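> Numbered according to the numbering used here, the sequence shown spans residues 88 to 357.
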Amino acid sequence: MDIYIISDTAYEAISEIVNFSVSLFDINANINVKSEVKDLKTLSYILDSISKENIIIYHSFQDSKMSAYIKNFTQTYEIETIDIMGYAINSLSKILKKDVKENTRMINAYDSDHFKRLEAVDFAIKYDDGADFRGLKFCDLAIIGVSRSSKTPISMYLASKGLKVSNVPLIIDSKPPREIFEIDPRRVFGLTIDEDVLKRIRDERLKSLNLSNDSIYSSMERIKRELRYAEELMVDIDCKIIDVTYRSVEETSDIIINSLRENNLLERKE
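#1: Which residue comes first and which comes last in the beta strand (DSSP E) that contains PRO264?
#2: Assuming PHE148 contacts ASP95 under a Cβ cut-off of 8 Å, what Cβ separation, rounded to an integer in Å, is found between them?
#3: By DSSP's criteria, PHE276 is part of a beta bridge. Which residues make up the other side?
#4: Could you check where the beta strand (DSSP E) with SER167 kicks off and where it finishes?
#5: Select from LEU228, SER110 and LEU205 the residue whose C-alpha is nearest the C-alpha of LYS327.
#6: For ASP89 versus ASN119, is the C-beta distance shorter than 8 Å?
#7: Using 8 Å for Cβ pairs, my map puts ILE212 next to PRO272. What's the rounded Cβ distance?
#8: Can you list the beta strand (DSSP E) stretches of 3 or more residues lying completely in the stretch 303-347, in chain order?
#9: Which residues in the same chain as SER346 place their Cβ atom closer than 8 Å to its Cβ, once the five residues preceding and following it in sequence are excluded?
#10: If you scan the stretch 108-171 from start to end, which runs of the beta strand (DSSP E) of 3 or more residues do you find wholly inside it?
#11: Could you tell me the alpha carbon to alpha carbon distance between PRO240 and ARG287, rounded to whole angstroms?
#12: For the putative contact between PHE388 and LEU134, defined by C-beta atoms under 8 Å, what is the C-beta separation to the nearest angstrom?
#13: For the candidate residues SER136, SER154 and ASP113, whose alpha-carbon lies nearest to that of LEU126?
#14: Using the three-state DSSP reduction, which class does GLY173 fall into: helix, strand or coil?
#15: Which of the three DSSP states, helix, strand or coil, is assigned to ASN254?
#16: What would DSSP say about TYR244, mapped onto helix, strand or coil?
#17: Measuring CB to CB, does LEU257 end up less than 8 Å from GLY222?
#18: Are there 16 or more other CB atoms within 10 angstroms of the CB of ILE303, so buried, or fewer, so exposed?
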């Protein structure tokens, strides 16, 4: 049997659910992952290219059009499908017409620490660097700062601890998302950095991309303006501001975690 996982996000958390579910049954299955499927054209290509016999499709899409498309497709070809948001084990049992293996110790994969960490990593990837501001409504915390202020590595480190993080770049020429003003400011953390250090980091970044250091991106005048704009916004939001200049990712993350604990905002994560 072939099992396909098709999703618009990274696959780690979903793959965990599927592998856990399949492991409870006495079957041989090849699991194929199609992640980061963002548009109907890509989804259509994937569905047209797979076998239509003896397969199960797990799917997870936030876009209702994508969900409707895959539902119509699987109904047309009479393909068994499981919406990952449903209860995967019961659904799989019904499709296979099998009960779980004897002497199986049942646990709730959704409640496991391992799954929560994987889910948090998926979340951090999906909502990294302002990719989708909708994540601000569901995050455990938000990180804001100018480009190259360590937002992404800190987000990923915190995600490895099971925290869902959205990180938002602060850009002079763009308005910050309104959602950042709608969440508890105690869950928002602003990262600042020494201007000279930031310039060196940006110069190195341009060098790694074989681009000229004359770019406005690394000009000191631009950097000063960005940092001033970012700090003014952080003060306006009334969030905690952390200077990351000489701090490691782990040190900054500890400050964030301790702040959340002090404000009793980590009940579900401890």
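Note that the Cβ used here is the ideal one computed from N, Cα and C, for glycine as well.
Quantities reported herein were computed from a predicted structural model and do not represent experimental measurements.
This is what the structure holds:
#1: Premise fails: PRO264 is in no beta strand (DSSP E) and is neither H nor E.
#2: 5 Å
#3: ILE230 and LYS327
#4: Sequence inspection shows Glu at residue 167; the Ser mentioned does not correspond to that position. That run of the beta strand (DSSP E) goes 167-170.
#5: LEU228
#6: yes
#7: Wrong, their Cβ atoms sit about 25 Å apart, outside the cutoff.
#8: 327-330
#9: ARG273, PHE276 and LYS327
#10: 117-121, 142-147 and 167-170
#11: 18 Å
#12: Because the chain in this structure spans residues 88 to 357, residue 388 falls outside the shown range and cannot be described.
#13: One point to set straight first is that residue 126 is Asp, not Leu, in the sequence displayed. Comparing Cα positions, the closest option is SER154.
#14: Residue confidence for GLY173 is low, a pLDDT of 49 falling below 50, so the modelled location carries little weight and cannot support an answer.
#15: strand
#16: helix
#17: no
#18: exposed
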